[in-house]
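**Q** The listed protein sequences derive, respectively, from chains V and W. Just so you know, the first sequence maps onto residues 23 to 521 in our numbering. Just so you know, the second sequence maps onto residues 4 to 349 in our numbering. Think of the CB as a built atom: it goes at the ideal place given N, C-alpha and C, for glycine as much as any other residue.
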Amino acid sequence: MRIPPSYPMALLAALVTLTPIFVLITLASDASSFFDSHNLTILGNTLSLMGLTVLGSILIGVPLAFISAYVQLPFKKFWLVVFAAPLAIPSYIGAFTLYAAFGPGGEIHNILGFETPSMYGLTGAAIVMTLYTFPFVMMTTRSSLLSLDASMVNAARTLGMSMTQSVFEVILPRVVNGIAAGSLLVALYTLSDFGTPAMMRLDTFTRVIYVEYNAFELSRAAMLSMQLMVIVGFLLMIESQIKTASERQGRPLILFPKKWQLGAMFATFAPILLLAIGLPLAVFTLWLVRDGFSSFDFSIAWHSTYASAIAAIVTVIVAIPVAHAALTGKAGKVMERVTYFGFGIPGIVMGTALVYGGLQLPFLYQTLGLLIIAYMLRFLPLAVGSVRTSTEHLDPSLVKSARVLGASPREAFTRITLPLTMRGIIAGAALVFLESMRELEATLLLGPTGFETLSTYLWRVYEAGYFGRAAIPGLLLVVISAAALAIMMSGEKRNQFEH
Amino acid sequence: MERRTFIQGLAALGVAGALPLSLSRAFAADIANPVSVDTLPKLKGALTLYLGRGEGGLYENVLQAIQKKNPDLDLAIRRGPTAALANTIVAEAKAGVKRADLFWAVDSGAIGLVTDAGLAKPMPSDLSAQLQPQFRYDEWAPVTGRIRTLPFNTERLTKEQIPTSIMEIADSDLSIGWAPAYASFQSFVTAMRILEGDDKTAKWLKKVQKRSKTYAGELGVVMGVERGEVDIGFANHYYTLRLKSGKPDAKLDLAFTEQDAGCLVNASGILSLSDDPLATNFMRYLLSVEVQSYLASEAYEIPLVNDIKQPDGLPKLTSISPPKIDLTQLADLRPTIDLMRSSGVL
């Protein structure tokens, strides 16, 4: 049997993804105990945060998906961008600013004179995580909603069902998979996030791993990481069971709301969006006005940008063969799935493993190269997903015709496949760029000495309590992220927007 | 004068007693005058500094000023929690990887971890001679001193309501803010272990934990106290003074315990991991009149070089009675971390 050309590269990527896990196993085998009672608290906190965040994202994301997909709103595209905008704000920036704004003596208290409850602990972390992850649910649910045929609803209505009834009995059951897919993304994101629970002072796995790492208890950090990986593994298993419904597309539903209904929608969701987007921007602007343009070294922004750009390019180059392998055969599919582990490995775990690995390979230790490898391993699945989707939609007969007309496989790839899948590739690269820009823990642990990025700078400022200095880097990070998000969304235009 | 008396009093209280090197020198009174940066050799070449985090922008300002004065100095700075960097240096040495030339730690416990591993290079004697006699060491130079304090919210409490024994705090009904992951806090727990024993310390940690809120750093603790999130906190003295200097009407004041770990006097310090004289020449800048004065006036840290003015706003120090403890013993960090972990605090 002939081996597809994409296989060797995909296999290599899969094996490299697994190396951090092997490192963790080696490290964890030194640990004195596998589990102690404190771990139960950590497990409880982690699962509660995950559960509450998923619930919150569904409660906000699904109605917003419904509104953006079906309801005839003025400035429809604008609203869709607003709904997705929280993705441009790293959740730890949200945590940072919400913590500073709320509570006695917080910015809201200072300016408006009334006290608001403090944001911290499980409640604070769940609120922050929900505010910045609901767009995942909104996007996946929306795309399943758009793939439904309105005639089913029309039939139900003709047969006497009310609109509300048909939403719950005809529409929702058919988009459950879309909701589940988004929820899983939210769950994975929550599990791997470090900044938010750390700032909200909630002991989750990522935060405790960080503490253990700082005591350089690598074996304990590795042991906790392994426990976290078990949960991640479960989630990925569930994810692989979810199949997107393949329904024959029809005309999407269009609803014309009455004035009061529009008003009610606005009254419900405007506060949420204001809290997610408006508040961080307002707090940063306030700090900027109060502290002025304190000396911010703009080379930090440049560091962030070029490291993320290199990571995006490298990741996409690796992602292309993996995506093609996934579409060529069963073995390729397995290799692709293996690379998904990377997204579930939190940055702190990846960082811990690669510090240890790096110490054995001094030429890589504390180099930009190792940091980029970490980014690549973590965000490869995002690029693979994006490339694979665009390749799936490619009509295979085009490549076959090219081959029949005498093109070599290589020529067919560079002249047919690559240009036609370019959008997906760019969207994937933008997504990797976005995630690398905001990545915090792996950057803290692995970056070269003296290499500061926007995210590590923000963390330093937060730890030292010099909040005012967060304004410029915080705003820069949001602006650059927003640009990457715009590129990513325009790359996904065909799937997401133009229905 | 009170302040000077206090600092010198420390020597009598035993800080010096445990330091063989300093003893002979201290009483030989070979006190060198402080040196100005203008008389120091220019720095030329590449240095890698591991900088323990926790001091915010003030150490950064010092480093920037040194770089500005020495354009030919190529200084790379790696920042991280002090304990993490100390452990990193030891792990790197074990793996045969050498990256750091200098280690500037916010806490002497982390310094001890590195010196105990035999990684620090000896200090030139003329450099130690600039320090006050009781703060001279063979392998590292203390840069500034700090005192453990109990910042409290003045709207909720008066100073009289706060126990003067750190052990009694655990039995009070006060709500407490702390930063257990912060190096100075861990050194304080080490001091408590040495003074009170492991069992009592573990009980204390568990009791306090029930009524405490955890913050990322000690400035966070002090801010939390000021915001009224907690009644009192555990923090180094300067965080409170810095916050009050920016916000004079802050509902915040300092209380001290008596003769226990609660008012431990500790020091930040720097050591060299490199044989290159450039590294020790760099250390000379930190002990210069200019840097020491800056850290005293802007950062409210206690200068340890002879003849430098003490920071403003430090409360009546004659009333403070730090415990008798040897700073080098604070390096015994590992059992502290184990204890804190087994008590569920870390």
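Distance, Cα to Cα, Leu113 (chain V) vs Ser503 (chain V)?
**A** To locate residue 113 (chain V), count along the first sequence from 1; it is residue 91. To locate residue 503 (chain V), count along the first sequence from 1; it is residue 481. Note that residue 113 (chain V) is Ser in the sequence shown here, rather than Leu. Ser113 (chain V) and Ser503 (chain V): Cα-Cα distance of roughly 12 Å.
**Q** With DSSP as the reference, identify every bridge partner of Asp256 (chain W), one or two as the case may be.
**A** Residue mapping note: residue 256 (chain W) aligns to position 253 of the second sequence, counting from 1. Paired residue(s): W:Phe155.
**Q** Taking C-beta to C-beta, are Ala110 (chain V) and Val500 (chain V) nearer than 7 Å?
**A** Taking the first sequence and counting its residues from 1, one reaches residue 110 (chain V) at position 88. Taking the first sequence and counting its residues from 1, one reaches residue 500 (chain V) at position 478. Yes, the Cβ-Cβ distance between Ala110 (chain V) and Val500 (chain V) is below 7 Å.
**Q** Note down, in chain order, each residue of its chain lying with its Cβ closer than 7 Å to the Cβ of Ser188 (chain V), except the 5 sequence neighbours on either side.
**A** For the purposes of this step, residue 188 (chain V) is taken as the residue at position 166 of the first sequence. Taken in chain order, the residues that qualify are Val175, Ala178 and Arg179.
**Q** Can you confirm whether Leu376 (chain V), when its beta carbon is compared against all beta carbons of chain W, has any partner nearer than 7 Å?
**A** Here residue 376 (chain V) refers to the residue found at position 354 when the first sequence is read from its first residue. Taking Cβ atoms only, chain W never reaches closer than 7 Å to Leu376 (chain V), which makes this a no.
**Q** Could you tell me the alpha carbon to alpha carbon distance between Met510 (chain V) and Ala449 (chain V), rounded to whole angstroms?
**A** Along the first sequence, one-based indexing puts residue 510 (chain V) at 488. Along the first sequence, one-based indexing puts residue 449 (chain V) at 427. Distance between the alpha carbons of Met510 (chain V) and Ala449 (chain V): 4 Å.
**Q** Curious, which full-length alpha helix (DSSP H) runs of at least 4 residues does the stretch 156-196 of chain W contain?
**A** Complete alpha helix (DSSP H) runs here, min 4: 169-172.
**Q** When you check each C-beta in the stretch 123-157 of chain V against every C-beta of chain W, which residues fall closer than 7 Å?
**A** Hits within the stretch, in order: Gly125, Pro126, Gly127 and Ser140.
**Q** I need the boundaries of the beta strand (DSSP E) containing Asp77 (chain W), first residue and last residue.
**A** Residue 77 (chain W) sits at position 74 when you count from the first residue of the second sequence. First-last of the beta strand (DSSP E) with Asp77 (chain W): Leu76 to Pro84.
**Q** Any C-beta of chain W sitting closer than 7 Å to the C-beta of Arg223 (chain V)?
**A** For the purposes of this step, residue 223 (chain V) is taken as residue 201 along the first sequence, with counting starting at 1. So, interface residue.
**Q** Could you pull out every unbroken alpha helix (DSSP H) segment of at least 4 residues lying fully inside the stretch 260-320 of chain W, listed in chain order?
**A** Fully enclosed alpha helix (DSSP H) runs of 4 or longer: 280-289 and 292-302.
**Q** Whole angstroms are fine: how far does the CA of Ala505 (chain V) sit from the CA of Ile332 (chain V)?
**A** For the purposes of this step, residue 332 (chain V) is taken as residue 310 along the first sequence, with counting starting at 1. For the purposes of this step, residue 505 (chain V) is taken as residue 483 along the first sequence, with counting starting at 1. Approximately 17 Å between the Cα atoms of the pair.
**Q** Identify which residue in W:Asn73, W:Ala79, W:Val93 and W:Asp104 has its Cα closest to the Cα of Thr283 (chain W).
**A** On the second sequence, position 280 is the one that residue 283 (chain W) refers to. When only C-alpha atoms are compared, the closest one is W:Asp104.
**Q** Three-state secondary structure (DSSP) at Asn2 (chain W)?
**A** Only positions 4 to 349 of chain W appear in the structure, and residue 2 (chain W) is not among them; the question remains open.
**Q** Give the DSSP-derived three-state secondary structure of Val233 (chain W) in the structure shown.
**A** Here residue 233 (chain W) is taken as the residue at index 230 of the second sequence, counted from 1. Reduced to three states, the DSSP call for Val233 (chain W) is coil.
**Q** Who are the neighbours of Tyr114 (chain V) on chain W, taking C-beta pairs under 7 Å?
**A** Numbered from 1 along the first sequence, position 92 holds the residue referred to as residue 114 (chain V). Residues of chain W passing the Cβ test: none, with the nearest at roughly 12 Å.
**Q** Taking contact to mean 3 or more Cβ pairs, one atom from each stretch, closer than 8 Å, check whether the stretch 81-92 of chain V and the stretch 424-441 of chain V are in contact.
**A** Short answer: they don't touch.
**Q** Taking just the CA atoms, how far does Ser423 (chain V) sit from Ile438 (chain V)?
**A** Locating residue 438 (chain V) in the first sequence gives position 416, where the first residue counts as 1. Locating residue 423 (chain V) in the first sequence gives position 401, where the first residue counts as 1. So the alpha carbons of these two residues sit roughly 10 Å apart.
**Q** Quick one: what's Thr217 (chain W) bridged to in DSSP?
**A** Numbered from 1 along the second sequence, position 214 holds the residue referred to as residue 217 (chain W). Its beta-bridge partners are W:Trp181.
**Q** Skipping 5 residues on each side, what residues in its chain have a beta carbon closer than 6 Å to that of Gly380 (chain V)?
**A** Numbered from its first residue, the first sequence carries residue 380 (chain V) at position 358. Result list for Gly380 (chain V): Leu386, Tyr387 and Leu392, in chain order.
**Q** At least one CB of chain V closer than 7 Å to the CB of Pro338 (chain W): is that the case?
**A** For the purposes of this step, residue 338 (chain W) is identified with residue 335 of the second sequence, where counting begins at 1. Not one chain V Cβ lies under 7 Å of Pro338 (chain W).
**Q** I need the straight-line Cα distance from Leu312 (chain V) to Leu257 (chain W), nearest angstrom please.
**A** Stepping through the first sequence from its first residue, residue 312 (chain V) is reached at position 290. Stepping through the second sequence from its first residue, residue 257 (chain W) is reached at position 254. Looking at the sequence provided, one finds Arg at residue 312 (chain V) rather than Leu. Taking the straight line joining both Cα atoms gives about 28 Å.
**Q** Whole angstroms is fine: what's the gap from Thr389 (chain V)'s alpha carbon to Val146 (chain W)'s?
**A** Along the first sequence, one-based indexing puts residue 389 (chain V) at 367. Along the second sequence, one-based indexing puts residue 146 (chain W) at 143. One C-alpha to the other measures close to 31 Å.
**Q** Have a look at Gln332 (chain W) and Leu349 (chain W) and give me their C-alpha separation to the nearest angstrom.
**A** Translated into positions along the second sequence, residue 332 (chain W) becomes position 329. Translated into positions along the second sequence, residue 349 (chain W) becomes position 346. Distance between the alpha carbons of Gln332 (chain W) and Leu349 (chain W) is about 21 Å.
**Q** Please classify Ile201 (chain V) as buried or exposed, where buried requires at least 16 other C-beta atoms within 10 Å of its C-beta.
**A** Locating residue 201 (chain V) in the first sequence gives position 179, counting from the first residue. Classification for Ile201 (chain V): buried.
**Q** Which one of V:Leu420, V:Glu457, V:Phe88 and V:Gly407 has the shortest CA to CA distance from Thr186 (chain V)?
**A** Within the first sequence, the letter at position 164 stands for residue 186 (chain V). Per the Cα distances, V:Phe88.
**Q** Quick one: is Phe30 (chain W) near chain V, going by C-beta distance under 7 Å?
**A** The residue labelled residue 30 (chain W) in the question sits at position 27 within the second sequence. Note that Phe30 (chain W) has pLDDT 42, beneath the 50 cutoff, so the model's placement of it is unreliable and the number below is only indicative. For Phe30 (chain W), the answer is no, since every Cβ of chain V falls outside 7 Å of its Cβ.
**Q** Thinking C-alpha only, which one of V:Phe118, V:Glu261, V:Val338 and V:Gln283 is nearest Leu32 (chain V)?
**A** Residue mapping note: residue 32 (chain V) aligns to position 10 of the first sequence, counting from 1. What sits at residue 32 (chain V) in the sequence shown is Ala, not Leu. Cα-wise, what sits closest to Ala32 (chain V) is V:Val338.
**Q** Between Arg81 (chain W) and chain V, is the shortest Cβ-Cβ distance under 7 Å, so that the two count as touching?
**A** For the purposes of this step, residue 81 (chain W) is taken as the residue at position 78 of the second sequence. Closer than 7 Å: yes.
**Q** Following the continuous beta strand (DSSP E) through Thr51 (chain W), name the residue where it begins and the one where it ends.
**A** Along the second sequence, one-based indexing puts residue 51 (chain W) at 48. Its beta strand (DSSP E) spans residues Gly48 to Arg56.
**Q** Hey, does Gly220 (chain W) have any beta-carbon neighbour from chain V nearer than 7 Å?
**A** Along the second sequence, one-based indexing puts residue 220 (chain W) at 217. Gly220 (chain W) counts as touching chain V.
**Q** My output table needs one value for Pro145 (chain W): the three-state DSSP class, helix, strand or coil.
**A** Counted from its first residue, the second sequence places residue 145 (chain W) at position 142. DSSP places Pro145 (chain W) in strand when its eight states are reduced to three.
**Q** What residues in the stretch 466-482 of chain V bring their beta carbon closer than 7 Å to a beta carbon of chain W?
**A** Listed in sequence order: Thr471, Gly472 and Arg482.
**Q** Ordered along the chain, which non-local residues of its own chain (more than five positions away) have a Cβ less than 7 Å from that of Ile197 (chain W)?
**A** For this step, residue 197 (chain W) is matched to residue 194 along the second sequence. Contacts found: Ile328 and Gln332.
**Q** Kindly indicate which three-state DSSP category Ile264 (chain V) falls into: helix, strand or coil?
**A** In the first sequence, residue 264 (chain V) corresponds to position 242, counting from 1. In this structure, Ile264 (chain V) counts as coil in the three-state DSSP scheme.
**Q** Can you tell me where the beta strand (DSSP E) holding Ala108 (chain W) begins and where it ends?
**A** One-based indexing of the second sequence puts residue 108 (chain W) at position 105. From DSSP, the beta strand (DSSP E) with Ala108 (chain W) extends over Leu105 to Ala108.
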